[in-house]
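Numbering (the working numbering), first residue to last: 18 to 681.
Given below as structure tokens:
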């Protein structure tokens, strides 16, 4: 028997099936009668995680000699944009993570197109051992042979769809929080199966989205044409096939499900919401080419690293990675939900939390993140030599674990009843409140910070809806980031209050936090970044019901939870800015999402000493040249300030701090 990840020359199935890992304790119990489950089968009535516009997937690098053939596709090269998307910010209550990294931008792997793919100097994580936790739940197919995630070779090349069918039936894979998975790694493996597309080159098109659409359509057509033998053998397609082929097969009263993930074509499916220029790069468990965490170039090393990541995910999250990071976050929520349902302990949310019918439309997002810049004055620039950006370590994850979220059917209150309901021993109960924000200039607020709430205007009061988090934040003293208001000052006229509330995401956040700690402890930046995309993707998708159309997935639609997390991060970030002003007499010149930019002198350190999640760490730190100092000194408007900041951070524009939250 050859050693792990070496080729087996013939396609011959072993006499015994792979043994299921001891970790296969999650039977993926369904949430409604649309499911039917046996020990090793799993059924879902929805069209198979066909999540439109739900993940940012750029081009996959070509990774074999075969990919250079004339008839092979030429995937596009990911681009990046230095401007992060606006979302939210954080500080305050600590969520301890003793081994949390104080990662700064410009690390050895961040922002490098070649990191992780240099055979002479491979990244740390590629030398980490591959566990057995995903064995029995997933297989990896390459042009050289078929392997378990732990590296045990099973067969020679799978050179026909009929052999793929035979392999799947023989393997009898079981689900683990998601359907069982077959990963096809490398262009050569795709060609053996007849899965070849030629959408053209990025050099020949002006619109990268057009190229992606063309490639996705060609891939679907090729799969429809080549999967006929499997369909004739009893398999059914759940939705149109693409970079993931969702297969199901009825066996008596049960239905088994298998997802075939085609690694070289994952780039055909990226997030339309964010567009090509907005931090496109993360492809879920596969990593990011732009961040240097994608799989190695050669197929067998790539298969080994993928197997390691699958086992890591099974071990630390207890689920297989979903077709998108958001789906992985959802799978973990559902795993916890099933455990709590069986034990009868803990909060179980089974219904969506749609925004109630409000009296008057909300002004855009219920709780928008902040995007703000000011022109520095002479005091800001005098004696400064550095431009420093700080952001909050895993901000949304920290807030998700400590907030109490409401669920159930909300009660509508008006007038005095609404105002009375907002009074609680620990602040306002979870809900939405229609209040009047006073004019900013009527308050004694710091001139060098944005107004406390994004809906607030300087010259006139604004009536708007806010979450309970913002209601409590407005009542904080100015020194702590609020406006020092009493509830009576806010003129509460309406409220929607939820009958039940609690830390519904506490265990979810704890599992992700502990997994993140394990990744940090082993310098495993690939899985650490993957976890960031999971929690940010899941929280971001809470707002859109179109992402959760299946009956058993609708409880993931929780826009008020997301709004509360954003508000929590924003208020805590403002409190940090006030503390920095007191302790260092420094004020920010810009804030975007959870990032705050300061002009500092050579020895100043404004980051938090704590390494807990939610605390401030340095994202970017650059020494200013004389022309850049002059640019800040002479800037006449915020546009010129933003240009100066962009120029200063030009060499770090692809670097992301410790999981800043701009992707939401």
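Glycine included, each C-beta is placed from N, C-alpha and C at the ideal position.
Would you check if the distance between the CB atom of residue 621 and the CB atom of residue 607 is smaller than 9 Å?
no
Give the straight-line distance between the Cα atoms of residue 214 and residue 394, rounded to the nearest whole angstrom.
57 Å
Under 9 Å between C-beta atoms of residue 573 and residue 350
yes
Answer yes or no: do residue 154 and residue 375 have a C-beta to C-beta separation smaller than 9 Å?
no
Quick one: is residue 260 buried, meaning 16 or more other Cβ sit within 10 Å of its Cβ, or exposed?
buried
Would you tell me roughly how many angstroms separate the C-alpha atoms of residue 682 and residue 585, rounded to the nearest one?
Nothing can be reported for residue 682: it is not among the residues displayed for the chain, which extend from 18 to 681.
Thinking residue 455 and residue 471 are a contact (beta carbons under 8 Å), I'd like their distance in whole angstroms, please.
That pair is no contact at about 15 Å.
Return the chain-ordered list of same chain residues with a C-beta closer than 8 Å to the C-beta of residue 539, the five sequence neighbours on each side being excluded.
141, 142 and 145
Thinking residue 581 and residue 484 are a contact (beta carbons under 8 Å), I'd like their distance in whole angstroms, please.
5 Å
Terminal residues of the beta strand (DSSP E) in which residue 633 lies:
633 to 640
With a threshold of 16 other CB atoms inside 10 Å of the CB of residue 511, please say whether the residue is buried or exposed.
buried
Taking one C-beta from the segment 531 to 549 and one from the segment 268 to 283 each time, how about it: are there three or more such pairs within less than 8 Å?
no
With 16 other Cβ atoms within 10 Å as the buried cut-off, status of residue 619:
exposed
Which one of 664, 388 and 223 has the shortest CA to CA distance from residue 612?
388
Answer yes if the segment 151 to 170 comes into contact with the segment 197 to 208, meaning at least three C-beta pairs across the two stretches below 8 Å, and no otherwise.
yes
CB-CB length for residue 630 against residue 411, believed under 8 Å:
5 Å
Residue 583 vs residue 386 beta-carbon contact at 9 Å
yes
Between 237, 210, 258 and 185, which has its C-alpha nearest residue 250's C-alpha?
185
State the Cα-Cα distance for the pair residue 615 and residue 654, rounded to the nearest angstrom.
17 Å
Burial state of residue 541, where buried means 16 or more other Cβ atoms lie within 10 Å
buried
Alpha carbon to alpha carbon, how far is residue 232 from residue 102? Give it in angstroms, no decimals.
Because residue 102 sits at a pLDDT of 33, beneath the cut-off of 50, its placement in the model cannot be relied upon, and the following sentence gives the value as read from the coordinates. So the two alpha carbons sit approximately 27 Å from each other.
In this structure, does DSSP put residue 493 in helix, strand or coil?
coil
For residue 320, is the classification buried or exposed, using 16 other Cβ atoms within 10 angstroms of its Cβ as the cut-off for buried?
buried
Going along the chain, which residues of its own chain have a beta-carbon closer than 6 Å to the beta-carbon of residue 465, five neighbours each way excluded?
604
Can you tell me which of the three DSSP states residue 276 falls into?
strand
Using only CA atoms, which one of 408, 189, 272 and 369 lies nearest to residue 632?
408
The alpha helix (DSSP H) that contains residue 472, what's its start and end?
Careful: residue 472 lies outside any alpha helix (DSSP H) and carries neither H nor E.
Along the chain, where does the beta strand (DSSP E) containing residue 422 start, and where does it finish?
422 to 424
Indicate the three-state DSSP secondary structure (helix, strand or coil) for residue 649 in the structure shown.
helix
With respect to 8 Å, is the separation between the Cβ of residue 473 and the closest non-hydrogen atom of the ligand ATP below this value?
As presented, the structure is devoid of all ligands, the ligand ATP included, so that no description of it is given.
Using only alpha-carbon positions, find the residue among 264, 285, 171 and 181 that is nearest to residue 226.
285
Could you check whether the segment 547 to 558 touches the segment 337 to 346, counting it as contact only if at least three pairs of C-beta atoms, one from each stretch, sit closer than 8 Å?
yes
Would you decide whether residue 283 is buried or exposed? Buried here means 16 or more other CB atoms lie within 10 Å of its CB.
buried
I'd like to know whether the C-beta atoms of residue 205 and residue 324 end up nearer to each other than 9 Å.
no
Excluding the 5 residues flanking residue 660 on each side, which residues of the same chain have their C-beta closer than 7 Å to its C-beta?
none
Can you tell me whether residue 667 is buried or exposed, with buried defined as 16 or more other CB within 10 angstroms of its CB?
exposed
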